[in-house]
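Notes for the one structure printed next.
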Amino acid sequence: MQPKQLRPRLPQAPPTRQPITQRRTKYKTVEEAKSRHSTGPFSWKAGILFVATCAGLVWYFEYEKGRMHRKRIAEAAKGVGRPKVGGEFELVDQNGKPFTNTMMKGKHSLVYFGFTRCPDICPEELDKMARMVDMVESKAPGSLLPIFVTCDPERDDPKALKSYLAEFHPAFIGLTGTYDQIKDLCKKYRVYFSTPKNVKAGQDYLVDHSIYFYLMDPEGDFVEALGRQHSPDQGAQLILDHMKDWPGRKE
């Protein structure tokens, strides 16, 4: 048997390469390619978007944390076994017109107890109240009712209230009544007040009383008490936050 002859392999031509100018590229210019490789897979736009997303998430979680805290406070105020704050009353305002608790319905109310002859604390707190009202009014016009209830009805008649409150804010509503009416309302709001005994007619005296702002919702239910530790900015923001959280709020 004759050996099988192998056919010589013909040399293959080397593969043709496209000219550099004809190669496909996603970069239009050399500068664009250099910029792409220098920035890596993330662009500055992606970085800004990432930072903005993180900031948004932080804000959202902080807001939800605050909202849940306010919700717990509001629910605790209405909890079973806790004394109710607020209630029915019939008094007169600084114009001598009747004013009842039903007139507080439909708006949030900020209630403060004091007296017109208070030398320092009441003026400071009413200045603070006026600033809170203005800040809330700028964000939610017509949504807050500021009320001042006297703890000294013997001297604070409607005329005295009108003259006194005009120095602080035109929106303030001043309320007075008989001693028994004021005592009953203070009891309903858990407000402590005390007048000196055996005071003679015309004799000057001071009234000791609680120093809180009572925030009530549009249904007349207690929401939260704001103390002296709250600045006007903090108080106004707290009021606005509770307004946003109120279930009956209209969008």
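Using this note's numbering, the first residue of the sequence shown is number 74, and each one after it goes up by one.
Think of the CB as a built atom: it goes at the ideal place given N, C-alpha and C, for glycine as much as any other residue.
Please read these numbers as outputs of a predicted model, since none were measured by experiment.
Review point. Taking the C-alpha atoms as reference points, what is the distance between Y287 and F188?
Key: Rounded to whole angstroms, the gap between the alpha carbons of Y287 and F188 is 16 Å.
Review point. So, are the CB atoms of H242 and M177 less than 9 Å apart?
Key: Their beta carbons are not under 9 Å apart, which means H242 does not touch M177 by this criterion.
**Study point:** S211 versus Q310: straight-line alpha-carbon distance, rounded
**Key:** Approximately 12 Å between the Cα atoms of the pair.
Check your understanding: Taking the beta strand (DSSP E) that E297 falls in, what are its first and last residues?
Key -> In the DSSP assignment, E297 falls within the unbroken beta strand (DSSP E) covering 295-299.
Point to revise | N- and C-terminal bounds of the alpha helix (DSSP H) containing M289 | key: For M289, there is no enclosing alpha helix (DSSP H); the residue is found in the beta strand (DSSP E) stretching over 286-289.
Practice item. Just the C-alpha distance for S236 and Y262, rounded to the nearest angstrom, thanks. Key: In this structure, the CA atom of S236 is about 25 Å from the CA atom of Y262.
Exercise for review: Return the first residue and the last residue of the alpha helix (DSSP H) that V206 is part of.
Suggested key: Taken as a continuous stretch (DSSP letters only), the alpha helix (DSSP H) holding V206 covers 194-212.
Check your understanding: Where does G308 sit, in a helix, a strand or coil, going by DSSP?
Key -> In the three-state reduction of the DSSP assignment, G308 falls in the helix class, which pools H, G and I.
Exercise for review: Look up Y252 in the DSSP assignment and say whether it is helix, strand or coil.
Suggested key: In the three-state reduction of the DSSP assignment, Y252 falls in the helix class, which pools H, G and I.
**Study point:** Range of the contiguous beta strand (DSSP E) that encloses L164
**Key:** It spans 163-166 - the beta strand (DSSP E) in which L164 sits, taken as one unbroken run.
**Study point:** For G321 and A150, the rounded distance between their alpha carbons
**Key:** With a pLDDT of 47 at A150, under the threshold of 50, the predicted position of this residue should be treated as unreliable, though the coordinate-derived value follows. Whole-angstrom Cα-Cα distance: 18 Å.
Check your understanding: What's the C-alpha gap between S304 and L218?
Key -> If you take the alpha carbons of S304 and L218, they lie about 19 Å apart.
Review point. Roughly how many whole angstroms lie between the Cα atoms of S267 and C259?
Key: Taking the straight line joining both Cα atoms gives about 11 Å.
Practice item. With a threshold of 8 Å, establish whether the CB of A239 neighbours any heavy atom of the ligand MG. Key: The ligand MG is absent from the structure shown, which contains no ligands of any kind.
Review point. First and last residue of the beta strand (DSSP E) that includes L183?
Key: From DSSP, the beta strand (DSSP E) with L183 extends over 181-187.
Practice item. For the beta strand (DSSP E) holding P243, just list the boundary residues, first then last. Key: Per DSSP, P243 belongs to no beta strand (DSSP E) and is neither H nor E.
Review point. Just how far apart, CA to CA, sit G154 and F295?
Key: Because G154 sits at a pLDDT of 44, beneath the cut-off of 50, its placement in the model cannot be relied upon, and the following sentence gives the value as read from the coordinates. Spanning the two alpha carbons is a distance of roughly 15 Å.
Practice item. Check whether the stretch 272-284 touches the stretch 165-184, counting contact only when three or more Cβ pairs, one atom from each stretch, lie closer than 8 Å. Key: Note that the stretch 272-284 does not touch the stretch 165-184; fewer than 3 beta-carbon pairs, one per stretch, sit closer than 8 Å.
Check your understanding: By Cβ distance, which residues of its chain are closer than 7 Å to A244, with the 5 residues on each side in sequence left out?
Key -> The answer, listed in chain order, is V206, P219.
Check your understanding: Helix, strand or coil: how does DSSP classify P320 here?
Key -> In the structure shown, P320 sits in coil (DSSP, three-state: anything other than H, G, I, E or B).
Practice item. Spatial neighbours of M208 within its chain, please: CB distance less than 6 Å, with the 5 preceding and 5 following residues excluded, ordered by chain position. Key: Excluding sequence neighbours, M208 sits near A309.
Practice item. Pull up the distance between the alpha-carbon of Y285 and that of V222, whole angstroms please. Key: Their Cα atoms are separated by approximately 12 Å.
Review point. Given a threshold of 16 other Cβ atoms within 10 Å of its Cβ, counted over all protein chains shown, does V184 qualify as buried or as exposed?
Key: It is buried - the Cβ of V184 has at least 16 other Cβ atoms within 10 Å.
Practice item. With DSSP as the reference, please indicate the residues paired to S267 in a beta bridge. Key: S267 is bridged to D281.
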